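The listed protein sequences correspond, in order, to chains A and B. Under the numbering used here, the letters of the first sequence match residues 60 to 265, in that order. Under the numbering used here, the letters of the second sequence match residues 60 to 265, in that order. For glycine and all other residues, C-beta sits at the position ideal for the given N, C-alpha and C. All of these numbers come straight from a predicted model, not from anything done at the bench.
Protein chains: 2
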Amino acid sequence: MNKGKLIVVSGFSGAGKGTVIKRLVEKYDYSLSISATTRQPREGETDGKEYYFKTVDEFMSLIDYNGLIEWAQYVDNYYGTPRKFVEDEIAAGKNVILEIEVQGAMNVKAQYPNAILIFITTKDIDTLYNRLVSRGSETKDVIAKRMARAAEEATSMENYEFIVINDDLEECVDAVNSIVVSESCKKENRTDFMIGIKNQLDERIK
Amino acid sequence: MNKGKLIVVSGFSGAGKGTVIKRLVEKYDYSLSISATTRQPREGETDGKEYYFKTVDEFMSLIDYNGLIEWAQYVDNYYGTPRKFVEDEIAAGKNVILEIEVQGAMNVKAQYPNAILIFITTKDIDTLYNRLVSRGSETKDVIAKRMARAAEEATSMENYEFIVINDDLEECVDAVNSIVVSESCKKENRTDFMIGIKNQLDERIK
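Encoded structure:
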């Protein structure tokens, strides 16, 4: 069986990453990595669905045993990507998506050189700004912070291998899937196949 | 307007290249490059449809004026790819397909480094052999020659960037299109876009 691919998705807050990923799971059967966290579950959240909820001790133990591909601390809580799920899914031939920040993405690439790094963006910054404004829930101050954050993230865009514009949702979802299909057609990923073809031809013409 | 891509398709005789290309034109509106040739038109062939029919003098003049991207002689006839059509279509944003042999493909890549080189193959050599046999029109001798030719072509497979398996036709057609979509998402092809985003963010947060 062919191994699945590891796809790392980052992008501006407000670019619609979450919706794109949801559609990739629905439309192309991608597997979504679930993070581990030490924060308390909110109402309606289930362990193993939104997150794996861990105590700080459990989380530290995961780190010690190399059980996380990457992790980070936000405010008082820890968040990380459990290694086992990702590796089991890939071994089973499933394409796995990780949605993580820039720094985490770079850490993943260092450990999994075949991981595909994709940055999702709106077609321009006006669109990003308007989406954040139209949510209605964000104060002016929060929006200004988001913009400053986007400016920071933009400097890391060139560390990604692919830049996908989320203008039309289905087009964006299809583009991400195209990148994954294309990777599997690369000659570097067809070495065994090519050797097989050559051997079969040798048999046939001898 | 974004420029179109130049896609060079080669592959084993019997792998179904012609059908794949026909579907790419129908389904994804690719533009197919038409060759120039000095051979006589056959019954039902129209100038500018199957081929551009040229006299030897006209063909030589095309070569002299750098009007062909690549050309070759088979038996007593010349065949070549007119440059103007390819460049006009690309400038107009169309993706252009060239179906040419290995040597021609390498010549095209040398002149157009952004050209995408795709090799189309059956999933194995038994399938290729059986397709040639089932055509019924080929003698044993011809089939043996085709196999010997395939063995030669197989040694050039690794000069292609992508190896696409034509098992299910639609899957193969979609895979070729995925490669083209994926190329346009590469960060190397998004330089202007990224500069634009950064400038817009600078404007927004200053």
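Cβ neighbour criterion (16 or more within 10 Å) applied to residue i
i, result
"L83 of chain A", "buried"
"K86 of chain B", "exposed"
"G63 of chain A", "buried"
"T105 of chain A", "exposed"
"Y133 of chain A", "exposed"
"L228 of chain B", "exposed"
"V239 of chain A", "buried"
"S69 of chain A", "buried"
"A74 of chain B", "buried"
"E212 of chain A", "buried"
"I254 of chain A", "exposed"
Chain-order list of residues whose beta-carbon lies under 6 Å from that of residue i (same chain, five-residue window excluded)
i, result
"S72 of chain B", "R205"
"V67 of chain A", "L157, A164, V167, A174, L176"
"A95 of chain A", "Y111, K113, G139, P141"
"D226 of chain A", "K182"
"Y89 of chain A", "L83, N154, I156"
"L121 of chain A", "L127"
"F118 of chain A", "T97, Y137"
"V115 of chain B", "T97"
"F178 of chain A", "S69, G70, M216, Y219, I222"
Beta strand (DSSP E) segment containing residue i, residue limits
i, result
"Y138 of chain B", "136-141"
"I66 of chain B", "65-70"
"E158 of chain A", "155-158"
Limits of the alpha helix (DSSP H) - the one that residue i falls within
i, result
"E262 of chain B", "250-264"
"S215 of chain B", "It is not in any alpha helix (DSSP H) - S215 of chain B carries neither H nor E in the DSSP assignment."
"E229 of chain A", "228-244"
"A131 of chain A", "Note, A131 of chain A: premise wrong, no alpha helix (DSSP H); beta strand (DSSP E) at 127-133."
"G163 of chain B", "161-170"
Nearest-angstrom Cβ-Cβ length linking residue i and residue j, presumed shorter than 8 Å
i, j, result
"T180 of chain B", "I264 of chain A", "Not quite, the Cβ-Cβ distance comes to about 16 Å (not below 8 Å), so this is no contact."
"K199 of chain B", "Y219 of chain A", "Actually they are not in contact, since the Cβ atoms of K199 of chain B and Y219 of chain A sit about 54 Å apart, beyond 8 Å."
"V145 of chain B", "I159 of chain B", "With 8 Å as the limit, V145 of chain B and I159 of chain B do not qualify as a contact, their Cβ atoms being about 12 Å apart."
"F252 of chain B", "I222 of chain A", "7 Å"
"E242 of chain A", "N236 of chain A", "Going by Cβ atoms, the distance from E242 of chain A to N236 of chain A rounds to 11 Å, so no, they are not a contact pair."
"G107 of chain A", "I93 of chain A", "7 Å"
"L260 of chain A", "A210 of chain B", "4 Å"
Beta-carbon contacts of residue i that lie in its chain and below 7 Å, excluding the five residues immediately before and after
i, result
"S215 of chain A", "V161"
"N61 of chain A", "G152"
"V232 of chain A", "V79, R82, L83, K86"
"Q170 of chain A", "I128"
"E148 of chain B", "G63, S90, V155"
Spatial neighbours of residue i in its chain, beta-carbon cut-off 8 Å, leaving aside the 5 residues before and after
i, result
"I202 of chain A", "Y188, L191, V192"
"E102 of chain B", "none"
"K99 of chain B", "According to the sequence provided, residue 99 of chain B is Gln. The question's Lys does not apply to it. Excluding sequence neighbours, Q99 of chain B sits near F112."
Give, in chain order, every unbroken run of the alpha helix (DSSP H) that is at least 4 residues long and sits entirely within the stretch 72-124 of chain B.
With a minimum length of 4 residues, the continuous alpha helix (DSSP H) runs that stay inside the stretch 72-124 of chain B are 76-87, 115-123.
Return the chain-ordered ranges of every alpha helix (DSSP H) run that is complete within the stretch 178-209 of chain B and spans a minimum of 4 residues.
184-193, all fully within the stretch 178-209 of chain B.
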